[in-house]
Structure formats: structure tokens, C-alpha cells
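Right, one structure below, let's go through it.
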């Protein structure tokens, strides 16, 4: 049996108690992968159950619950630094940590020469060239986990990037694709009812505003070395086509399948050992055995494609703006969006205040060159500015 088929494959899962992390462990259970390390946040109860089942050699938790975790996990080596977990040699590091907290482990893994299956979109949205520098230093490799980006990866396997005219990412359109026309009164409960995917609250709200698709556009350009003008978005309500590539000869290649994240997770982990060392360095991977029962998935029904409504969902255009400008603007946009989503969920601002707040922060972001230091400084500044706007009225 090959490593891609199960026995012998070692993985470390960062963000193991979150949505992508738990689904990664589902795949590990099905494939027989050996889980060498886990990194979680503060959910010690779920982590303890994972440790009992998979028996990892190393465990990381949030520093605030370190003592509690050590008491709950006798015999396990428990630390508070996920970057240390990421640097320990293993087969593949699956980074499913959400937010900038996932950047340090990604950097550590790449500098240690690890193969990284990457679900932490902030790594490529805010710090792409720094991540590729880390890969160049240590020889690390990257394959994305998001369904859209693994779809692009599969479409590009065996192709020459010079032949690519456009990469197309699909969007479900979120819960408000059919209305209402006026989004100012929608509630967090309504925005959290995603029509296609089961995701955490941050990503679900970002999907409702189309900010998630905007971040994915920025991530895609960074992963595959493309200008943003060559990354398009189309609304596909059925969410069965995940990505497509249009070539210069006019031909089109698409990747489609069920709305189940276990499939792109399994592909990304299989592909990671021969993944990308630089933007667009796409190589194929031998596919492992079936995940679940999807070989019987039927190709039936009507598939629709629509242009995104930029007027109702201005966050998508703001992402293009930040990505085109580069520098520190993607960092500021990412930070401000996290604050805006939290403020909306808390009832502090309205749904249509989210893009207004983001635009104000982008307008105020100072120019500068992206480094590890300026990334941290800009993130802190943008969060403070966004919190001020949320507290005092976005348009005050």
C-alpha cells in the first residue's frame, strides 16, 4: 500500500478542533493516516477526545489553557507554540488555523522544508511573497486546501502556465443571492444560513458579503503567480463546479464534485509532497483511494452561472482594489474584515456597514513595504481603526 493510500502517511493537523481540522481527521480515520501532532486553540474537551483516538506525539494549545490541557492530557507532551509543532518533521502539515495566528506556523513549516496543505488563506492573502521566500529558504512545498484552489490546481496539472488566459473561481452567491434587494436590515441569523456549505461563522458571513470570494481571488493570484485581472468570479448557485481555467486557445477545463470538503482535503494531502515551491509550480499527484461514498455521486440537474452583483456586494470590489494595490492594503483589509464581521455578529453594526467600514480603513491605510514587522504593525493598526469605526459609527 502506498503512502497516498493510507498506511505510513504522517500528518500534523494545526487547527484540529475547527471545521477543516475535524474534517481532516475524518479523512485520516478513513485513510489510516498516522496523526503525529495536533494544534488547537481553547477547546480542550474536543482536543482531549482527538488525542485519545489518534495518540499524537506532540500537542499545542492556546497559552491561556496550557495548564488545563496538561492536566486533561496526562502523558502527552503539551506546548503553547503551534510553530514548534509545524517544524517537527512529518509527512504533511495541514494548516487549518484561522487568522494571522496561522502565519507563524506556516512560515516555520516551510522554512523547515515541510510539505504544507494550506487552508489558512491569510498566509497568501497578506504575506504571499514572504511565504514563498520561506519556501525558498527551507525547501517547503504548498498545496491549497480550499475547494476552489485545489480545483484550480487539478485543472493546471500537466498544463503550461503561459497558456492560461484566465482562472475562474465560482461563488455560491451566499444566502442573499436571490434577495432582498435592500440588505441593510438582514440579521446575523439570516446571514449564517449558507445554502451550500457548512462552515464556521467568520467564513459564512464573508460568503454572505462575497468578501470570502474576494480573499480567494487574492489568494489565487498569489498561489499561481497571476495578475488579479486574470482571476475572475462567477456565481454558480449549485456549488458543484469549484473552479475552471480558460486557456489562450479558447478551451476551458473545470473541476467539479460534491460540496464536501473532505475531498479537497484528501487531494491536497496527497499532492503536498510534490506541491508548489514557487507560484504556479503545479505538479500532479497520485490520487488516494475513495473518501466516503462519492463514487456514486450523480451528474444530474441544471447548472447556472451568473455575474456577481458588485453593487449589492461591494466587498468583492474592495478585495480587488486591495490586491491590485498590494503592499500593506491586503493586511489592512483582512484585519478590518475580521473586526467588522465580529461587530456585525455582535449587533454593533449592520450588514451593509461591513463594506463601508472596510472602505474607510483602506482609505486610511498608510503606504509601506510589506515585511514581517510591517505586517504585524499594520494588522494591529487596522484592527484598532476598525474597532473605532464600529464603536463610533462607520460613517461618523
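Residue numbers (my numbering): 55 to 450. Positions of the beta carbon are idealized from the N, C-alpha and C atoms, including for glycine. Note that the coordinates shown come from a computational prediction; the quantities given were computed from them, not determined experimentally.
3 or more residues per run - each beta strand (DSSP E) lying fully within the region 159-211 = 169-172, 195-198
Residue closest to residue 104, alpha-carbon to alpha-carbon, out of 117, 85, 80, 388 = 80
Taking residue 180 as the reference, give the member of 383, 283, 240, 160 with the closest Cα.
-> 383
In whole angstroms, what separates the C-alpha of residue 334 from that of residue 89?
-> 29 Å
Buried or exposed (CB count within 10 angstroms, at least 16 for buried), residue 265 | buried
In this structure, does DSSP put residue 304 in helix, strand or coil?
-> coil
Closest residue to residue 194 among 430, 425, 332, 378 (Cα-Cα distance) = 332
Pick helix, strand or coil for residue 285, following the three-state DSSP scheme.
-> strand
Would residue 196 pass as a contact of residue 330 if the rule is Cβ separation under 7 Å?
-> yes
Using alpha carbons as the reference points, say which of 285, 206, 303, 302 lies closest to residue 322.
-> 206
What are the start and end residues of the alpha helix (DSSP H) that includes residue 88?
-> Residue 88 -> not in any alpha helix (DSSP H); beta strand (DSSP E) instead, spanning 88-93.
Are the region 383-396 and the region 309-317 in contact at 8 Å, needing three or more beta carbon pairs?
-> no
Unbroken beta strand (DSSP E) run spanning residue 220, endpoints | 218-225
Anyone know if the C-beta pair for residue 318 and residue 238 falls short of 7 Å?
-> no
Among 163, 327, 254, which residue has its Cα nearest to the Cα of residue 27?
-> Residue 27 falls outside the range modelled here, since the chain spans only 55 to 450, and no answer is possible.
If you count every other CB in all the chains shown that lies within 10 Å of the CB of residue 435, and 16 or more means buried, which is it?
-> buried
Residue 394 and residue 403 look like a contact to me (Cβ under 8 Å); what is the Cβ gap, rounded to whole Å?
-> 7 Å
Does the region 152-168 come within contact of the region 280-295, defined as at least 3 CB pairs closer than 8 Å?
-> no
For residue 353, the three-state DSSP class (helix, strand or coil) | coil
Cα-Cα separation, residue 421 to residue 433 | 13 Å
Three-state secondary structure (DSSP) of residue 147 | strand
Outcome for residue 347 when other beta-carbon atoms lying within 10 angstroms are tallied against a minimum of 16 | The predicted position of residue 347 is uncertain, since its pLDDT is 49 and thus under 50; no value can be drawn from it.
Is residue 347 helix, strand or coil by DSSP?
-> With a pLDDT of 49 at residue 347, under the threshold of 50, the predicted position of this residue should be treated as unreliable, and no value is reported.
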